[in-house]
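> Numbering (this note's numbering), first residue to last: 533 to 1191.
Each residue gets a CB set at the ideal place from its N, CA and C atoms; glycine is no exception.
Remember, predicted model here, so these are calculated numbers, not experimental data.
The following block contains the structure, expressed as C-alpha cells.
The following block contains the structure:
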C-alpha cells in the first residue's frame, strides 16, 4: 500500500524535481536536446521527470554534409535505472521495422520487456529517422489533411487497382512523396547508415560516453551497421531475431516461416511419442497445404484455406508469455489431414483462441492435493484466492491510474483552457456531427489545423464551420478566453492526434518503404522471391505472395539508393551475443548464426521455444543478456537454451483409436 500511495502522490505532485535527468543532460554535448511530454500509455509505475524522461534530439539529415542545414528531430525516452548508482553505460534499444517506432504507444511494453536491465543501468529508447513519431520530416501533411478520413479508414494507401484490376502505385502515394520532396527533404538520406550515425549523436547529447546496444529485427541490421560505421562508444551488442544486411530479405520472405515449420517436423520426428502418434508429419503437412491451396480440404463441411494451416505457426510466433502452441500443432495438422473429429483444433482455436491457458487455482490445488495436508491445502487455497483478488485489483488500479494520467495531461500539458476546449469539443461531436459527410468534413478541418500558423482566428473559423447550437457558443467562448500560448497548445495537440491516427499509413506506406525500396529491394527481385519459394520444403505463398506484391509494386514509386558495402559481411571484435528463435516466422533462426560470420568476439544461442525477439518470450533471455551486458567478456553457458527446450507433445484422444 505504501508503494501505491507513493505512486499516486508522485503523479499528482506539482512537478518532479528531475535532478537525476538534469545532471545527466548537463553532461550532454553536440546535438541539441529538447524535453517534451511522454506519450501514453506508460507503465503504471512511471513518473515523468523521475523514472522516465522524453524529448527530442536534432541530428543532421545528412551526416556527410551537415552544413546543408536540413535536420531531423528524433524522439527519445530515457527509462531511469532503479538504483541510485547506475552503471555509466546505458542499454540502447534499436527497434524493428524498419519504420515502426515505439514511443507513440509502446512505452509500457518497452518498460516491461527491458525491466531486467533497469536494475543497474538506464535504458534508452528512440524512434529512428522515418519511424514512429520521428517521422516529421517525411510526412505529407497537406495530402493527409485533404484525405485524412480515407487514410484513417484505409480507403487509400500505397496501392490502388488499375482498370484491369492489377495493383499499381496509388496517385495518393505519388502526390505524398512529391510533397515531401518539395519541402526540401532528401529521401535518399533515410537509410540504415545514416541511422547508425544518429546513434552516437543521440547518446552523447544525452550525456553518455559509452553504451550497449540491443537490436531486435531491423534493429539487428542497424546494430550491425553501427558496429561497421559508428563503433566508437559501443561497449557490447545483443542482436535478437537477426536479419543480417547481406541476406536478401525480400527474396527470402518465405524462409523464416518454412524454416520454423521444418524445425517442428524434425522435433516431432525426434520425439518417440510424437513420431508414433503423427508419423511422416512432413508429408502430411505438405498434403494438407496442397489440398487447402487447391480448395479440396474440407472439415465438418467447411473448406479450409491454406492461411488457416499456416496460421498455426504464425500464431505461435505472435503469442507473448501465453504458453507454447508447439505441443499441439502436430495433432492439429493431422486432424485437418484426417478430415474427421478435430478435438485439438476445437480446444486450441475455439476454446483458447490460440492462447494456451495458464494453470488456474483449481489446477494448482489438484496438482498439490496428494503432497499436502488438509491444513496446508486450506492455506494454499486461501493464498490462491487472495492472488486472484490482487490481480483484479491491480487491473482496476491500472485503469484508474491511466485515467488520472489523461486528466493530468489535459490540465498540465495542454493547460486548463485547452483541456476544457478538448473536453467540450469531444462532447460536441456526437451532438452536432450527425452525418458521415459532416464527420468527414470535420475530421479534414481538424487535420488541416496543423497546416499554417496557429492563430486564434483560424481556430474560431474551424469551430464556426463544424459546430452549432450551445456547443458552438461555449467553444467560441473558450477560444476567446485562451492566451496565445494556450491556442498554440490546441494546435500542437491536434497535430499529435492526427499523427497518432494516421501513423499506420505513415509507417507502412512511407517509413517502411523508404528503407525497403531504397536500400534493400535494389538487391532483391520478384524473380528471386519466386526462386526462393520454389526451394522451400513447404509452400507458404498463401502468406507471402500478397506482401511481396505490395513491396515490389510500391517500390516503383521510390528511387533506389543502393550502397556499395550494404550487403557485405560486417566485421567487428566488439563483444556480441546473437540469438535465434525456433518459432520465429519473421527472421530465420539460422540467420543468427550467419550474422556472427565476421564477428570475432561473438556468442550464438538458439532458443527453441521463443518467437521473434526472444527477450519478449522467455525470462531467461533477459537474465542471460543482462549477465552479458554486465560483463561482456563473460562466456555464457547454455542454461537458458536448456530451460527452453521443446515440451512434451500433445497426444490427441483419437490417436489410440486410430492406431
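#1: Does DSSP classify residue 692 as helix, strand or coil?
#2: Please report the straight-line C-alpha distance between residue 790 and residue 660, rounded to a whole angstrom.
#3: What is the residue span of the alpha helix (DSSP H) that residue 743 lies within?
#4: Use the C-beta contact count for residue 1045: other C-beta atoms within 10 angstroms, 16 or more gives buried, fewer gives exposed.
#5: Which one of 784, 611 and 1024 has the shortest CA to CA distance from residue 1065?
#6: Could you work out which residue in 739, 671, 711 and 925 is closest to residue 555 when comparing CA atoms only?
#7: From residue 1049 to residue 701, what does the alpha carbon distance come to, in whole angstroms?
#8: With residue 1134 as the anchor, note down where its beta strand (DSSP E) starts and where it stops.
#9: Check the C-beta distance from residue 950 over to residue 1022 and give it rounded, since I have them as a contact under 8 angstroms.
#10: For residue 852, which of helix, strand or coil comes out of DSSP?
#11: Using the C-alpha atoms, what's the distance from residue 736 back to residue 988?
#12: Hey, how far is the Cα of residue 882 from the Cα of residue 852?
#13: Measure the C-alpha to C-alpha separation of residue 841 and residue 648 and round it to an integer number of angstroms.
#14: Are residue 1047 and residue 629 close, meaning C-beta to C-beta below 9 angstroms?
#15: Using beta-carbon positions only, say whether residue 1104 and residue 725 come within less than 9 angstroms of one another.
#16: For residue 612, count the other beta carbons within 10 Å of its own beta carbon; 16 or more makes it buried, fewer makes it exposed. Which is it?
#17: Residue range of the alpha helix (DSSP H) that residue 591 falls in?
#18: Between the Cα of residue 1125 and the Cα atoms of 1101, 1141 and 1147, which residue gives the shortest distance?
#19: What residue from 1012, 680, 616 and 1148 has the CA that sits closest to residue 640's CA?
#20: Could you check the C-alpha separation between residue 804 and residue 594 for me, to the nearest Å?
#21: Could you check how far apart the C-beta atoms of residue 624 and residue 746 are, in whole angstroms? I think they sit under 8 angstroms.
#22: What residues match up with residue 1112 in a beta bridge as DSSP calls it?
#23: Does the Cβ of residue 781 have 16 or more other Cβ atoms within 10 Å, making it buried, or fewer, making it exposed?
#24: At what residues does the alpha helix (DSSP H) containing residue 558 begin and finish?
#25: Quick one: grab the DSSP three-state call for residue 712.
#26: Output the boundary residues of the alpha helix (DSSP H) element that contains residue 699.
#27: With the cut-off set at 9 angstroms, would you say residue 631 and residue 669 are in Cβ contact?
#28: Below 8 angstroms, can you find three or more Cβ-Cβ pairs linking the stretch 1126–1136 to the stretch 1177–1184?
#29: Would you mind stating whether residue 1042 and residue 771 have Cβ atoms separated by less than 9 angstroms?
#30: Excluding five sequence neighbours on each side, which residues of the same chain lie with their C-beta closer than 6 angstroms to the C-beta of residue 522?
#31: Taking the alpha helix (DSSP H) that residue 1023 falls in, what are its first and last residues?
#32: Flag residue 855 as yes when its Cβ comes closer than 8 angstroms to any non-hydrogen atom of the ligand ATP, and as no otherwise.
#33: Taking 6 angstroms as the limit between beta carbons, can you name the residues of its chain near residue 976, skipping five residues before and five after?
#34: Quick one: any contact between the stretch 815–826 and the stretch 1060–1079, if contact means 3 or more CB pairs under 8 angstroms?
#35: Please go through the same chain and pick out, in chain order, the residues whose beta-carbon is closer than 7 angstroms to the beta-carbon of residue 636, but skip the five residues on each side of it.
#36: Rounded to the nearest angstrom, what separates residue 1067 and residue 1061 at their Cα positions?
Let me spell this out:
#1: strand
#2: 30 angstroms
#3: No alpha helix (DSSP H) holds residue 743; the beta strand (DSSP E) holding it covers 743–749.
#4: buried
#5: 784
#6: 739
#7: Here the alpha carbon of residue 1049 sits roughly 13 angstroms from the alpha carbon of residue 701.
#8: 1134–1139
#9: In this structure, residue 950 and residue 1022 form a Cβ contact; the two beta carbons are roughly 5 angstroms apart against a cut-off of 8 angstroms.
#10: coil
#11: For residue 988 and residue 736, the distance between alpha carbons rounds to 40 angstroms.
#12: 19 angstroms
#13: 36 angstroms
#14: yes
#15: Contact flag unset, no.
#16: buried
#17: Segment 584–592 is the beta strand (DSSP E) holding residue 591; no alpha helix (DSSP H) there.
#18: 1101
#19: 1148
#20: Pairing residue 804 with residue 594, the inter-Cα distance amounts to about 59 angstroms.
#21: 7 angstroms
#22: By DSSP's assignment, residue 1112 forms a beta bridge with 1138.
#23: buried
#24: 551–558
#25: Here residue 712 sits in helix by DSSP.
#26: Per DSSP, residue 699 lies in no alpha helix (DSSP H) segment; the continuous beta strand (DSSP E) that holds it begins and ends at 699–701.
#27: no
#28: no
#29: It is not a contact, given that the beta carbons lie outside the stated cut-off.
#30: No answer is possible for residue 522: the residues shown for the chain start at 533 and end at 1191.
#31: Start and end: 1016–1033.
#32: You won't find the ligand ATP in this model; it holds no ligand whatsoever.
#33: Around residue 976: 680.
#34: yes
#35: 571, 664, 665, 1032 and 1035
#36: Here the alpha carbons of residue 1061 and residue 1067 stand approximately 10 angstroms from one another.
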